[in-house]
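If you're matching them up, the sequences are chains Y and G in order. With the working numbering applied, the first sequence covers 1 to 739. With the working numbering applied, the second sequence covers 740 to 788. Glycine is no exception: its CB is placed at the ideal position from the N, C-alpha and C atoms. If you're wondering where the values come from, they're calculated on a predicted model, not measured in any experiment. For reference, the structure discussed in these notes is given below.
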Amino acid sequence: MTAVVSACPSGLSAPSTPTPAQDPSAFVVQKDGVKSLDLIVKGPSCGGCLSKIESNVGKLAGVRIARLNLSTGRLRVEWSGQLKPRTIVEMVASLGYGVTAFDPGKADIESARAERRLITALTFAGVGTAAVMFMSEPLWFGSDLTADIRNTLRWISAAVALPVVIVSGQPFFSSALASIRARHLNMDVPISLAVILALALSLYETVVGGQHAFFDASVMLLFFLLIGRVLDARLRRRAYAAANELASFQTATATRLTSGGRAEAVRVVDIRPGDVLLVAAGERLAVNAEIVSGKSEADLRLVTGEVLPVATTAGQTLHAGAVNLSAPIQVRALSAANDSLMADIARLLEAGEQKKSAYRRLADKAAELYIPQVHATAALGFVAWLMFGATAAQAAYVAVTVLIITCPCALALAAPLVQVVAASRLFREGIYLSSGDALERLAAIDHVVLDKTGTLTLGDPVLGAISEEARTARNQAAMLARASHHPFSRALVKAVGAGPIAQNIREIPGQGVVGTINGRHAKFGSASFLGATASGGSELWFAFEGDTPVAFHFDDAIRPDAAKTVIELSAMGIEVELLSGDGEERVARAAKAAGVRKWRALASPQSKAAHVKALETSGQKVLMVGDGLNDAGALASAHASIAPGGAVDVSRLASDCVFSGDSLRAIAQIITTARAARARMRENFAFAALYNIVVIPVALAGWVTPLIAAIAMSASSAVVTLNALRIAAPSRSRWAGLP
Amino acid sequence: MNVFILMLLGIVGFALAGLAVFGWALKSGQFEDPKGAAARILDESDRPR
């Protein structure tokens, strides 16, 4: 006798109903008879892993290239012939690594290209700066240089600086032009102006054999600024890729039924409205769809936040993110994956637009203060020198030195460097920021709204305490539960561990599982299925035919350090609130366990967003933390938002920040780091302002030489850089005094 | 004076050579996987392709 449902030998993981969703064939790219596939491999960390994976995959028939990038965890396989892509995935999985197919999207390729352009610009600026500095040193200190040598040095400096500025200045010039066209000045305008004017003045001085040339200043300015830009671009790309990888381990492909009734694997992005899809038990729905046939249950935790599965029948509409539980069903797609996602995002952005436009970044505020004042001072200096009888050339020299030495460098580096250092510190902790200015918004938070299911809790239920007598029943119930996808069954199996499976198992959608244990007929399922009286709802019952049923209660497990995090947040002066779409009793229990005093249950997606908006209107700065589709509106309306790694696409995209791992402490950590970053930024801006107050009179007096400019610029940049790096040092733990 | 100009041109020439080498290294993908390169150096079976 064999069990009807096959299960993995340990019985610990969900039964292996064939899930064609893992078929990576939809991701295969074919070119000139050579097929290639990109996979994300989780877990390889050393040379041993690398050679194990490469040699084993390389041995498969027809494989030409199997190359694993250990830095990014991506495996590229190229082969020709009949090898099935699934074999490759199974090979990697059998070696003990997590593996999933992956689609290097357009955005990914685009950002890699942008980063490469910045690195090229940085390289040119670096080599140019070194070369010009060689020649500047004798110009700074060599008072005994002959005019001949001085002119030669200048001409060669010009020959180096001119192409370097043209190539390396590109990112700044194009951004400055765009900002002028949009009639909104950004920091790149004064930077471009300073670089171009410094170069023009130096060329003029070189031609007429004048006193000073600032070739070194113009290339050095570009070099410093580009270092900041490259670091920023690289980090943002890594964070984007990391957050994307969290997502790619969720739904990647779906199974489509062709008109001939054949099943084929397709990428989620290729699903079109009207397609009929086969959804296996345990599979997550990628698009909004209507059920065509099949009776089952759906887990709507990510859609509504409700823990209890709901029964589904033909004709019903399911939202993307719902997980099909007990039996395979056929559905008709109502929208394309991108359409429903795009529509959702568009709606969210509309909702959040006011927030985004109302927020002005610190750096923008600084630029708006800086540009008119410094440029007016330079113009005044020009007029004043003319009035006191200087030649136009002399007056222009003074005006240009004012623009060069007020050095947008320190100002332009003040905020981005801090953001890079703070974001890379968070990155190491598995927290991925979506944008730099998110830090500024996160720093202002004074109210946190938490979602329950999947945010405050892990999203997976656990078996509650059971009596001594129920222990035998529990072990017998596990024999039935091992064959079921129902989240409560999985929780029971997790509590009991590996073990045997009952015979003749059948799962009845919406009700429970039946089977034979030692020749006796047994049932495991809902109260109505076993004829017991329900109490609360989050329980399952087990009984042998004719016996009294035994109840098992299930709780939604709270994240391990939720309570500590709530204490920590309160200590930071932040009010914490729980807002859930789940039932009253379960929300109250979770709130009590986490130590949250304010809570609300049965909140609809609309009321969640409305509640957050109301708090915002009352002047509070709200941080929304949530993972489900029902949280997306609230995430977009909040001042700042965070999503856990398991969140649905829309919520991840609507959030400023995504954290991986089980610890809720990430929230406190993010806010602490954001506050530290804001403090460093303010210090940097204060320093840059002070610096300008000191150097402007010097420039107006006409005392600025290339040497003074070089020292002032590099010193001020060094100060803001060192100040930014203070964030990287680990802070003293706030956990020491906590229970 | 001639020697001086020769020296300066030499400096600029070296800088350009360095730039070219870096550009080649970047283009040939040597910065794509620093961790993997460090691991591969100890792997006997890994031959240059």
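Rounded to whole angstroms, what is the Cα-Cα separation between residue i and residue j?
i, j, result
"residue 232 of chain Y", "residue 111 of chain Y", "12 Å"
"residue 284 of chain Y", "residue 648 of chain Y", "11 Å"
"residue 626 of chain Y", "residue 650 of chain Y", "11 Å"
"residue 429 of chain Y", "residue 666 of chain Y", "8 Å"
"residue 35 of chain Y", "residue 47 of chain Y", "26 Å"
"residue 165 of chain Y", "residue 125 of chain Y", "8 Å"
"residue 419 of chain Y", "residue 405 of chain Y", "25 Å"
"residue 216 of chain Y", "residue 678 of chain Y", "32 Å"
"residue 528 of chain Y", "residue 505 of chain Y", "19 Å"
"residue 175 of chain Y", "residue 454 of chain Y", "41 Å"
"residue 439 of chain Y", "residue 638 of chain Y", "14 Å"
"residue 718 of chain Y", "residue 741 of chain G", "39 Å"
"residue 604 of chain Y", "residue 92 of chain Y", "43 Å"
"residue 532 of chain Y", "residue 515 of chain Y", "19 Å"
"residue 502 of chain Y", "residue 480 of chain Y", "6 Å"
"residue 162 of chain Y", "residue 199 of chain Y", "8 Å"
"residue 707 of chain Y", "residue 366 of chain Y", "27 Å"
"residue 204 of chain Y", "residue 119 of chain Y", "30 Å"
"residue 554 of chain Y", "residue 590 of chain Y", "13 Å"
"residue 29 of chain Y", "residue 108 of chain Y", "17 Å"
"residue 54 of chain Y", "residue 580 of chain Y", "47 Å"
"residue 738 of chain Y", "residue 597 of chain Y", "For residue 738 of chain Y, the predicted structure reports a pLDDT of 43, less than 50, and the residue's modelled location is therefore unreliable. The matter cannot be settled from this model."
"residue 150 of chain Y", "residue 696 of chain Y", "28 Å"
"residue 548 of chain Y", "residue 474 of chain Y", "14 Å"
"residue 50 of chain Y", "residue 44 of chain Y", "7 Å"
"residue 396 of chain Y", "residue 382 of chain Y", "6 Å"
"residue 668 of chain Y", "residue 521 of chain Y", "52 Å"
"residue 725 of chain Y", "residue 59 of chain Y", "47 Å"
"residue 541 of chain Y", "residue 240 of chain Y", "45 Å"
"residue 673 of chain Y", "residue 422 of chain Y", "7 Å"
"residue 577 of chain Y", "residue 592 of chain Y", "12 Å"
"residue 68 of chain Y", "residue 634 of chain Y", "40 Å"
"residue 493 of chain Y", "residue 94 of chain Y", "23 Å"
"residue 302 of chain Y", "residue 510 of chain Y", "19 Å"
"residue 238 of chain Y", "residue 524 of chain Y", "47 Å"
For residue i, which option in the options has the closest C-alpha, if you only look at C-alpha atoms?
i, options, result
"residue 221 of chain Y", "Y:409, Y:580 and Y:562", "Y:409"
"residue 619 of chain Y", "Y:418, Y:444 and Y:393", "Y:444"
"residue 539 of chain Y", "Y:548, Y:308 and Y:320", "Y:308"
"residue 130 of chain Y", "G:762, G:753, G:772 and G:778", "G:753"
"residue 427 of chain Y", "Y:161, Y:167, Y:44 and Y:234", "Y:234"
"residue 213 of chain Y", "Y:155, Y:227 and Y:256", "Y:155"
"residue 512 of chain Y", "Y:521, Y:668 and Y:526", "Y:526"
"residue 467 of chain Y", "Y:384, Y:266, Y:652 and Y:552", "Y:552"
"residue 230 of chain Y", "Y:460, Y:448, Y:456 and Y:171", "Y:171"
"residue 289 of chain Y", "Y:280, Y:140, Y:319 and Y:601", "Y:319"
"residue 273 of chain Y", "Y:371, Y:87, Y:390 and Y:331", "Y:331"
Buried or exposed for residue i, please, with buried defined as at least 16 other CB atoms from any protein chain shown within 10 angstroms of its CB.
i, result
"residue 388 of chain Y", "exposed"
"residue 314 of chain Y", "exposed"
"residue 148 of chain Y", "exposed"
"residue 783 of chain G", "exposed"
"residue 693 of chain Y", "exposed"
"residue 478 of chain Y", "buried"
"residue 775 of chain G", "buried"
"residue 751 of chain G", "buried"
"residue 144 of chain Y", "exposed"
"residue 756 of chain G", "exposed"
"residue 132 of chain Y", "buried"
"residue 357 of chain Y", "Unreliable positioning characterises residue 357 of chain Y in this predicted model, as indicated by a pLDDT of 46, which lies under 50. A coordinate reading is not provided."
"residue 353 of chain Y", "Below a pLDDT of 50, predicted positions are generally treated as unreliable, and residue 353 of chain Y, at 47, falls in that range; no measurement from the model is reported."
"residue 61 of chain Y", "exposed"
With which residues is residue i paired in a DSSP beta bridge?
i, result
"residue 290 of chain Y", "Y:317 and Y:332"
"residue 512 of chain Y", "Y:508 and Y:525"
"residue 745 of chain Y", "Nothing can be reported for residue 745 of chain Y, as the shown portion of chain Y is limited to 1 through 739."
"residue 265 of chain Y", "Y:255"
"residue 539 of chain Y", "Y:553"
"residue 751 of chain G", "Per DSSP, none; premise fails for residue 751 of chain G."
"residue 558 of chain Y", "Y:457"
"residue 644 of chain Y", "Y:659"
Exercise for the section: Give, in chain order, every unbroken run of the beta strand (DSSP E) that is at least 3 residues long and sits entirely within the region 396–459 of chain Y. Expected result: Runs of the beta strand (DSSP E) inside the region 396–459 of chain Y: 431–433 and 447–450.
Exercise for the section: Mind listing, in chain order, the continuous alpha helix (DSSP H) runs of no fewer than 4 residues lying wholly within the region 31–114 of chain Y? Expected result: Within the region 31–114 of chain Y, the complete alpha helix (DSSP H) runs of at least 4 residues are 47–59 and 85–94.
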